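In the working numbering, the protein residues as written are 1 to 101.
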């Protein structure tokens, strides 16, 4: 319940930078990532472009950051930070690599 409330507040941000952690495999289907993708599809498109095989040296790797401008008036950016290589739901495994953020 609390998480849902925070997601709604984040989606209402109109100026500044929204930063969130992503994995390096091109998946934004849960949590904050899906909420951001629903409101600003360009963020998911750019994110997936940098996870694909054609990304070359721009490819998402741990520690990489991608900034996508979603509004110019007022100015609003979404910052996707690669902090995990994989994704999943194993409860005893930490998918995040906080040292890479």
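All residues carry an ideal CB built from backbone N, CA and C; glycine is no exception. Since this is a predicted model, take the numbers as computed values, not measurements.
What does DSSP give as the partner residue(s) for residue i in the beta ladder?
i	result
residue 77	17 and 69
residue 22	82
If I'm right that residue i touches residue j with Cβ under 8 Å, what's the distance once you round it to whole angstroms?
i	j	result
residue 82	residue 60	5 Å
From this set, the options, which residue's C-alpha is nearest residue i's C-alpha?
i	options	result
residue 28	15, 14, 16 and 43	43
residue 72	15, 63 and 46	15
residue 63	85, 33, 17 and 30	85
residue 19	45, 10 and 25	10
Using a Cβ-Cβ cut-off of 7 Å (strictly less than) and excluding sequence neighbours within five positions of residue i, which residues of its own chain qualify?
i	result
residue 50	58, 59, 60 and 66
residue 75	15
residue 31	none
residue 69	77
residue 17	77 and 79
Looking only at its own chain, which residues have a Cβ that is under 6 Å from the Cβ of residue i, when we skip the five neighbours before and after it?
i	result
residue 1	Because the pLDDT of residue 1 is 49, which lies under 50, any placement of that residue in the model is unreliable, and the question is left without a value.
residue 21	81 and 83
residue 47	80
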